[in-house]
Amino acid sequence: MTNFPKDFLWGAATSSHQVEGNNIDNDWWQWEQTGHAHEPSLEACNHYNLYESDFDIARSLHHNAHRLSIEWSRIEPKKDQWNRNALEHYRKVIRALRARNIEPLITLHHFANPLWLSQEGGWLNEKTPFYFERFVEKVIAALGSEVRYWVTINEPMVLAYHSYILGIWPPERKSFNECHKVIKNLIDAHKRAYLKIHDIYARNSWRRPIVGIAKNLQWFTPCNHFPYFFNMVPVILRDTIYNDYFLRKTRGSFDFIGVNYYARGIVHFSLKNNSGLLGEDCNALHQHSKNLNSLGWIIAPQGLLRMLLKLKPYKVPLIITENGICTHDDTLRWKYIWGHLQQIKRALDLHIPIQGYLYWSLLDNFEWAHGFAPRFGLVEIDYHTLTRTVRLSALHYSQFIEEALQ
Ligand code: BGC
Numbered sequence: 298m299t300n301f302p303k304d305f306l307w308g309a310a311t312s313s314h315q316v317e318g319n320n321i322d323n324d325w326w327q328w329e330q331t332g333h334a335h336e337p338s339l340e341a342c343n344h345y346n347l348y349e350s351d352f353d354i355a356r357s358l359h360h361n362a363h364r365l366s367i368e369w370s371r372i373e374p375k376k377d378q379w380n381r382n383a384l385e386h387y388r389k390v391i392r393a394l395r396a397r398n399i400e401p402l403i404t405l406h407h408f409a410n411p412l413w414l415s416q417e418g419g420w421l422n423e424k425t426p427f428y429f430e431r432f433v434e435k436v437i438a439a440l441g442s443e444v445r446y447w448v449t450i451n452e453p454m455v456l457a458y459h460s461y462i463l464g465i466w467p468p469e470r471k472s473f474n475e476c477h478k479v480i481k482n483l484i485d486a487h488k489r490a491y492l493k494i495h496d497i498y499a500r501n502s503w504r505r506p507i508v509g510i511a512k513n514l515q516w517f518t519p520c521n522h523f524p525y526f527f528n529m530v531p532v533i534l535r536d537t538i539y540n541d542y543f544l545r546k547t548r549g550s551f552d553f554i555g556v557n558y559y560a561r562g563i564v565h566f567s568l569k570n571n572s573g574l575l576g577e578d579c580n581a582l583h584q585h586s587k588n589l590n591s592l593g594w595i596i597a598p599q600g601l602l603r604m605l606l607k608l609k610p611y612k613v614p615l616i617i618t619e620n621g622i623c624t625h626d627d628t629l630r631w632k633y634i635w636g637h638l639q640q641i642k643r644a645l646d647l648h649i650p651i652q653g654y655l656y657w658s659l660l661d662n663f664e665w666a667h668g669f670a671p672r673f674g675l676v677e678i679d680y681h682t683l684t685r686t687v688r689l690s691a692l693h694y695s696q697f698i699e700e701a702l703q
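Going by the numbering used here, the letters in the sequence shown line up with residues 298 to 703, in that order.
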């Protein structure tokens, strides 16, 4: 089998709201404070202050890349009010990575929105792509010279689906029509950001940036239950809408595709819930698999290869920007990572241009509506003391990286 390329990016990922703590000016904070999430994020992992020692850990684990996100609500806490100190903070964060020879991959939007924006309608507002572009411009002008890899928007379809179809994330809407508008605005925002970033780099004669999105992909298969034939309807629709639509609509405006892959989705036909023809997940029917993470998602490494094959026609490099498991069984965590790395090797054999693998996540963190219970980290967090403990799986992964880089 092909070996991993020597310049492969190896590391892990986080996002601002999930690890920093005290992101008091965003819509998630507000939603948590009003009792909607399982528990509020509060100081989370206090990564906002502890980033240097966290990056020391990443370095000690042989990571040479790290993905994190910039918190829009810190940069623009009130409409049109720009916080220079927050930009300076992220400059220090990026330099702290560089000082450890870790390549930064920076996400510009990872689910949370400034509160002022959500009060103006959030992603339903057709001005939001413009507001996003303005934010991107500020960030790139300040930090562009120090960063090569940018991820515009994290998992647009997950955001749209959870917030505007299932209604389980803020602003808890359940409307196809609204969801459609939100997706349109996210597409527009991504395209604007892509052009803006390239434009600023060109004007400053900085080395060409590498700009992409992080796209969640799920391997959908039909439930074996009656009516099997009809169960293919949601499979086909989900694959077309959830997996493909955003990429098709933004073709030509990404230099790489970031792949976020976690699990397989087994679905059956149903007109009962608000997702209509998209059917229902039947992951919860445990007879399908014993191979589940602690949130009940079905572990299926072979699905990663299928998703990577699906992306081949786009003819752009791919980076696994997220892949991970929440579990209390750390042996299972390493088995999960190893299993997915084998699929990546197979994909490299098939000449799929994969350039990196970032495990989700470096740290245990705030898992959105579920709170802190799901444990995704290579590094365990004790939320009483904020003590970090490197897990055995992190050491196995580290050794794997070391061997791959030799
Ligand atoms: C998101 C992360 C999240 C992870 C695990 C991805 O969909 O980008 O923010 O923590 O999945 O659910």
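Using N, Cα and C, we set each Cβ at its ideal position, and we do this for glycine too.
What you are looking at is a predicted structure, and each value in this text was computed from that prediction instead of being measured.
| field | First through last residue of the beta strand (DSSP E) which encompasses D661 | value | DSSP places D661 outside any beta strand (DSSP E), giving it a letter other than H or E.
| query | At a cut-off of 7 angstroms, is Q315 close to the ligand BGC when judged by its beta-carbon and the heavy atoms of the ligand? | reply | Yes - the ligand BGC has a heavy atom lying nearer than 7 angstroms to the Cβ of Q315.
| said: Is S415 close to the ligand BGC? I mean its beta-carbon at under 7 angstroms from any heavy atom of the ligand. | reply: Distances from the CB of S415 to the heavy atoms of the ligand BGC are all 7 angstroms or more.
| Identify the residues that DSSP records as bridge partners of D679: which are they? | Note: D679 sits in a beta bridge opposite T684.
| query | Taking Cβ to Cβ, would you say H706 is nearer than 8 angstroms to S313? | reply | Lying before the first or after the last residue shown, residue 706 is absent from the chain, which here runs from 298 to 703.
| Residue environment, S502, which counts as buried when at least 16 other CB atoms sit within 10 Å | Counting every other CB atom within 10 Å of its CB across the protein chains shown gives S502 a total below 16, marking it as exposed.
| task | Quick one: residues in its chain with C-beta nearer than 6 angstroms to the C-beta of V687, no 5 flanking neighbours on either side, listed in chain order? | result | Exclusion of the five residues before and after V687 leaves V676 as the residues of its chain whose Cβ lies within less than 6 angstroms of its Cβ.
| query | What residues match up with W307 in a beta bridge as DSSP calls it? | reply | DSSP, once it has assigned bridges, lists Y654 as partnering W307.
| Among P426, R445 and I372, which residue has its Cα nearest to the Cα of R392? | Nearest C-alpha to R392: R445.
| Taking 7 angstroms as the line, does the beta carbon of S312 fall inside it for any heavy atom of the ligand BGC? | S312 Cβ: within cutoff of the ligand BGC.
| task | Using 10 angstroms around the beta-carbon of A396, count the other beta-carbons present and answer buried if the total reaches 16, otherwise exposed. | result | A396 is exposed by the Cβ-count criterion.
| field | Three or more C-beta pairs below 8 angstroms linking the segment 503-518 and the segment 418-430 | value | A contact between stretches requires three or more CB pairs, one per stretch, nearer than 8 angstroms, and the segment 503-518 fails this requirement with the segment 418-430.
| So E475 packs on L421, CB below 8 angstroms; how close in whole Å? | About 6 angstroms separates the two Cβ atoms, so the contact holds.
| query | Per DSSP, what kind of secondary structure is S366 in: helix, strand or coil? | reply | Strand at S366.
| task | Could you please give me the residues that DSSP links to D485 through a beta bridge? | result | Bridge partners of D485: none, in fact.
| message | Can you tell me whether S370 is buried or exposed? The criterion is at least 16 other CB atoms within 10 Å of its CB, across all chains shown. | response | Buried, since its Cβ has 16 or more Cβ neighbours within 10 Å.
| From K493, N557, Y525 and A486, residue whose alpha carbon lies closest to that of K546 | In terms of Cα proximity to K546, the closest of K493, N557, Y525 and A486 is A486.
| request: Taking only runs that begin and end inside the segment 380-433, name each unbroken beta strand (DSSP E) of 3 or more residues, in chain order. | output: Whole beta strand (DSSP E) segments, 3+ residues: 400-406.
| said: Taking the alpha carbon of I698 as the reference point, which residue from D679, W635 and R685 has its own alpha carbon closest? | reply: Of the listed residues, the one whose Cα sits closest to I698 is W635.
| task | Using the Cα positions of I462 and A701, report the straight-line distance between them to the nearest angstrom. | result | Looking at the two C-alpha atoms, the distance is approximately 42 angstroms.
| query | Just to confirm, does N590 get its C-beta within under 7 angstroms of one of the non-hydrogen atoms of the ligand BGC? | reply | No - the ligand BGC has no heavy atom lying nearer than 7 angstroms to the Cβ of N590.
| Where H625 and A691 are concerned, what is the direct C-alpha to C-alpha distance, given to the nearest angstrom? | Taking the Cα positions, H625 is about 14 angstroms away from A691.
| field | Near the ligand BGC: F408 beta-carbon under 7 angstroms from a heavy atom | value | At least one heavy atom of the ligand BGC is nearer than 7 angstroms to the Cβ of F408, so yes.
| said: Would the segment 657-676 count as touching the segment 342-353 if we require 3 or more Cβ pairs under 8 angstroms? | reply: Enough Cβ pairs lie closer than 8 angstroms, so yes.
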